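> Take a look at this one; I'll ask things after.
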Amino acid sequence: MTGLVRPQNLRGFRDLLPEEMLLRNEVVARITRVYQSYGFVPLDTPVLESLPTLLGSGGEEADKQIFVVRENTKPVVAEGEAAPVEVGMRFDLTVPFARIIAQYAPQQIKLPFRRYHVGPVFRADDPQPEQGRFRQFTQLDADIAGSSTVAADAEIVAVMSAAFDSLGLEGSTGYFVRVNNRKLVDAFLAGVGIEDFETARHVLRVLDKADKISPEALRAELGEGRFDVSGDRIRGVGLAGDLIDALLVFVGIGKDTRSETLDALEALLPATDQAQSAVAEVREFLSHLDALGVSEASVQLDPSLARGLAYYTGTVYEATLVGAGVGSVGGGGRYDGLVSRFSDDPVAAVGVSIGIDRLVTGLANLGVEFGTARTTADVVVLVMPKVEPAEATRVAAELRAAGVNTELYVGESVGKVGKQLAYANAQGFRAAVMIGGNEVQDGTVTVKNLQAGAESRAAIADNSEYRAARSAGQMTVPRADLTATVREILGDTLEEKA
RNA sequence: GCCGGGAUAGCUCAGUGGUAGAGCACCUGAUUGUGGAUCAGGAGGCGGGGGUUCGAUACCCCCUCCCGGUACCA
């Protein structure tokens, strides 16, 4: 071991091996296509930002989670020398987007502007990979800047819902999106005399847990507080009992449809201007959702939804995969004040972020598959005994020229057909091409359908019988028919898959 | 961050104050040009550091990582 560096990941960081990457690429490709169908254009920004850009944007909690990077390796700055620029790693894609808008609009970027962005973000919090909590994870965001209309909010919710639809998930049984508007809860709290911002935020945070903890625990946290399983004390909000009752009725009022829920909420709200304007805003938002054809099963109005990030100012959204055990897989909302951190010209904005890592692990937990292979090539060309190795190389080149994804076997088991077929089997190729001494002599090539061969020999238990059936699923054809034969096999196996 | 529990082979786990095993996986071979099963053989490990002890994988402390809760969020 002396001198060896232990191969190990940093806590909360992970490697993505090919099998997972192929699934992940497919998920990203599908969602990206959905984003593009709504007119979002791609954009990328650096992973590093200055600390002033990052700090204070997402609230105290977000500040604590920023990885700070030292720009030069000099540990001490000499007297009179300029201090190095303070740099950190982005914790989301929303803050960089706000910076982009402030920096490029309205010259290089015309408003309203809708963009999507795929990239890694970094949070120095306590990771729990099993639950989909990582220190580096990839977000797939879609945002609209320069629109304060609820039509934009509805577009975001619709594109979010369509993204999950594109993965073959069903609304309500596969996933659901909850939507809310902070102004509703604020109006309710103001009506019962809670004007203090800190208290209101604390109430929101607790209410947000309504679907995660028991009703008793929820009640305790709104009141005197409680102790969790490990004996840790959880501070309560300290509200009076009757007020807690009223709050729980308010956030638990969910009806069958979004508009019925809103009607019920309206009846509980005070007759203030604040409440009326909040209800009117949500009602218009809901009418746009209806116009977009967003189903009641996929998207529900849930007054308990709050979300933690400080920059949200109005509508908020959160997506959950049913039974996946990974928490929320997407979230978003309106953040009209964020661009103002970077510019005197305020720009309204709204957007959504989908967490790819959680989504992919959640899909895996649910057993959802897209038929992605373990290899990017469909065919492997084996290097047979008693033949010039370049012959296999020529065959591979010929297949590639014909547009077939092809791997040439370059391992150590050259000439050992059994070993090479075992490799082909393990990698999941659909077909193997064999050109050995016999084929060269006859001017032929042997093409093996690996799936068909496996199926036809599945039931054989006897060794000699198994060996006798060795050429199952394969055919030897004139060399000129190589690509046609391969295409036929690939077409067959594709049909079987569909 | 905080509270609690863990760490033995690639994986799932057993085990003891006298330096370790199983199943699966992996590698080699069984009429040299055929995937699987079977059979035979093989390789591979007590997370890191310190302490107690004649002796530590085991007991104690620290670190790292993992699991659960909390907080927060994707």
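Quick note, the numbering used here runs 10 ahead of the 1-based positions in the first sequence.
Note that the Cβ used here is the ideal one computed from N, Cα and C, for glycine as well.
Computed from a prediction, not measured in an experiment: that's the story for all the values here.
(1) By Cβ distance, which residues of its chain are closer than 8 Å to L409, with the 5 residues on each side in sequence left out?
(2) Just to confirm my understanding: we take A164, look at its own chain, exclude 5 residues before and 5 after, and list those with CB closer than 8 Å. What are they?
(3) Figure out for me which residue from H212, L194, E291 has the closest Cα to the Cα of T159.
(4) Go ahead and label P395 buried or exposed: buried means 16 or more other beta carbons lie within 10 angstroms of its beta carbon, across all protein chains shown.
(5) How do the region 172-185 and the region 253-271 stand: do at least 3 beta-carbon pairs fall below 8 Å, yes or no?
(6) Does DSSP put M170 in a helix, in a strand, or in coil?
(7) Spatial neighbours of R24 within its chain, please: CB distance less than 6 Å, with the 5 preceding and 5 following residues excluded, ordered by chain position.
(8) Does the beta-carbon of P106 have 16 or more other beta-carbons within 10 angstroms, so that it is buried, or is it exposed?
(9) My guess is that F147 and D367 are in contact by the Cβ rule of under 8 Å, so how many angstroms apart are they, rounded?
(10) Buried or exposed: which applies to I110, given that a residue is buried once 16 or more other Cβ atoms fall within 10 Å of its Cβ?
(11) Sort I445, Q451, A277, V393 by Cα distance to K429 and report the nearest one.
(12) Return the chain-ordered ranges of every beta strand (DSSP E) run that is complete within the region 95-156 and spans a minimum of 3 residues.
(13) Specify whether the region 330-340 and the region 350-364 touch according to this definition: at least 3 beta carbon pairs, one from each stretch, less than 8 Å apart.
(14) Reducing DSSP to helix, strand and coil, say where N415 ends up.
(15) Taking all protein chains shown into account, decide if K458 is buried (16 or more other Cβ within 10 angstroms of its Cβ) or exposed.
(16) Spatial neighbours of T382 within its chain, please: C-beta separation below 6 Å, excluding the five flanking residues on both sides.
(17) Would DSSP call N448 helix, strand or coil?
(18) Quick check on this structure: which residue in Y114, N19, A134, T55 has the alpha carbon closest to the alpha carbon of A72?
(19) Give me, in chain order, the residues of the same chain whose beta-carbon lies closer than 6 Å to that of H212; leave out the 5 immediate sequence neighbours on both sides.
(20) Taking buried to mean at least 16 other C-beta atoms within 10 Å of its own C-beta, is P313 buried or exposed?
(21) Excluding the 5 residues flanking T547 on each side, which residues of the same chain have their C-beta closer than 8 Å to its C-beta?
(22) Do three or more CB pairs link the region 347-357 to the region 215-223 at distances below 8 Å?
(23) Are G184 and L26 closer than 9 Å when you measure CB to CB?
(24) Along the chain, where does the beta strand (DSSP E) that runs through M485 open and close?
(25) D136: which of F174, A173, R21, D206 sits nearest, CA to CA?
(26) Alpha carbon to alpha carbon, what distance is there between A285 and L194?
(27) Does DSSP put Y45 in a helix, a strand or coil?
(28) Excluding the 5 residues preceding and the 5 following L150 in the sequence, name in chain order all residues of the same chain whose CB lies nearer than 6 Å to its CB.
(29) If you compare alpha carbons, which of D252, F144, V216 is closest to G235?
(30) Could you pull out every residue in the same chain whose Cβ sits closer than 7 Å to the Cβ of L103, ignoring the five residues on either side in sequence?
(31) Any idea what DSSP makes of S466, helix, strand or coil?
(32) Can you say whether Q310 is buried or exposed, counting buried as having 16 or more other CB atoms within 10 angstroms of its CB?
(33) Between Q113, A479, I154, R80, which has its C-alpha nearest Y45's C-alpha?
(34) Pick out whichever of I166, F101, F144 has its Cα sitting closest to the Cα of F123.
(35) Looking only at its chain, what residues have a beta carbon closer than 6 Å to the beta carbon of L232, apart from the 5 residues adjacent to it on each side?
(36) Are the Cβ atoms of Y433 and G421 separated by less than 9 Å?
On the basis of the data shown:
(1) Counting from one through the first sequence, the residue named residue 409 turns up at place 399. Excluding sequence neighbours, L409 sits near V389, V391, T416, V443, L492, T493, V496.
(2) Looking up residue 164 in the first sequence gives position 154. Same-chain partners within the cutoff: F295, H298, L299, A301, L302, V304.
(3) On the first sequence, residue 159 is found 149 positions in, with the first residue counted as 1. For the residues H212, L194, E291, the minimum Cα distance to T159 belongs to E291.
(4) To locate residue 395, count along the first sequence from 1; it is residue 385. Flag for P395 reads exposed.
(5) no
(6) Along the first sequence, read from residue 1 onward, the residue named residue 170 stands at position 160. Helix, per DSSP.
(7) Here the question's residue 24 lines up with position 14 in the first sequence. Same-chain partners within the cutoff: there are none.
(8) Taking the first residue of the first sequence as 1, we reach residue 106 at position 96. Burial call: buried.
(9) Looking up residue 147 in the first sequence gives position 137. Looking up residue 367 in the first sequence gives position 357. Rounded, the Cβ-Cβ distance is 4 Å, consistent with contact.
(10) One-based indexing of the first sequence puts residue 110 at position 100. Classification of I110: buried, given that the 10 Å Cβ count is 16 or more.
(11) Within the first sequence, the letter at position 419 stands for residue 429. The residue with the shortest Cα to Cα distance from K429 is V393.
(12) 97-99, 123-132, 146-155
(13) yes
(14) The sequence position of residue 415 within the first sequence is 405, counting from 1. The answer is coil: DSSP assigns N415 none of H, G, I, E or B.
(15) By one-based count along the first sequence, residue 458 stands at place 448. Counting Cβ neighbours within 10 Å, K458 comes out buried, since at least 16 surround it.
(16) Along the first sequence, read from residue 1 onward, the residue named residue 382 stands at position 372. L32, L33, E36.
(17) Locating residue 448 in the first sequence gives position 438, where the first residue counts as 1. In this structure, N448 counts as helix in the three-state DSSP scheme.
(18) As a position in the first sequence, residue 72 is number 62, starting the count at 1. Ranking the options by Cα distance to A72, first place goes to A134.
(19) By 1-based counting over the first sequence, the position of residue 212 is 202. Closer than 6 Å at Cβ, skipping near neighbours: V247.
(20) Mapped onto the first sequence, residue 313 falls at position 303. Classification of P313: buried, given that the 10 Å Cβ count is 16 or more.
(21) Only positions 11 to 508 of the chain appear in this structure, which leaves residue 547 out of reach.
(22) no
(23) Taking the first sequence and counting its residues from 1, one reaches residue 184 at position 174. Taking the first sequence and counting its residues from 1, one reaches residue 26 at position 16. Going by C-beta atoms, G184 is not nearer than 9 Å to L26.
(24) On the first sequence, position 475 is the one that residue 485 refers to. 484-488 is the extent of the beta strand (DSSP E) around M485.
(25) What you label residue 136 is simply residue 126 of the first sequence in a count that begins at 1. That would be R21, whose Cα lies nearest to the Cα of D136.
(26) For the purposes of this step, residue 194 is identified with residue 184 of the first sequence, where counting begins at 1. For the purposes of this step, residue 285 is identified with residue 275 of the first sequence, where counting begins at 1. Whole-angstrom Cα-Cα distance: 7 Å.
(27) Numbered from its first residue, the first sequence carries residue 45 at position 35. Here Y45 sits in helix by DSSP.
(28) Counting from one through the first sequence, the residue named residue 150 turns up at place 140. Taken in chain order, the residues that qualify are I41, V128, I364, I366.
(29) Here residue 235 is taken as the residue at index 225 of the first sequence, counted from 1. Of the listed residues, the one whose Cα sits closest to G235 is V216.
(30) Stepping through the first sequence from its first residue, residue 103 is reached at position 93. Taken in chain order, the residues that qualify are H127, G129, V131, Q149, D151, S363.
(31) By one-based count along the first sequence, residue 466 stands at place 456. In the structure shown, S466 sits in a helix (DSSP, three-state: H, G or I).
(32) Numbered from its first residue, the first sequence carries residue 310 at position 300. Answer is buried; the Cβ neighbour count reaches 16.
(33) Residue mapping note: residue 45 aligns to position 35 of the first sequence, counting from 1. Cα-wise, what sits closest to Y45 is I154.
(34) The sequence position of residue 123 within the first sequence is 113, counting from 1. Nearest option by C-alpha distance: I166.
(35) Within the first sequence, the letter at position 222 stands for residue 232. For L232, where only same-chain residues beyond five positions count, the Cβ hits under 6 Å are V216, V247, L249, I254.
(36) For this step, residue 433 is matched to residue 423 along the first sequence. For this step, residue 421 is matched to residue 411 along the first sequence. Contact flag set, yes.
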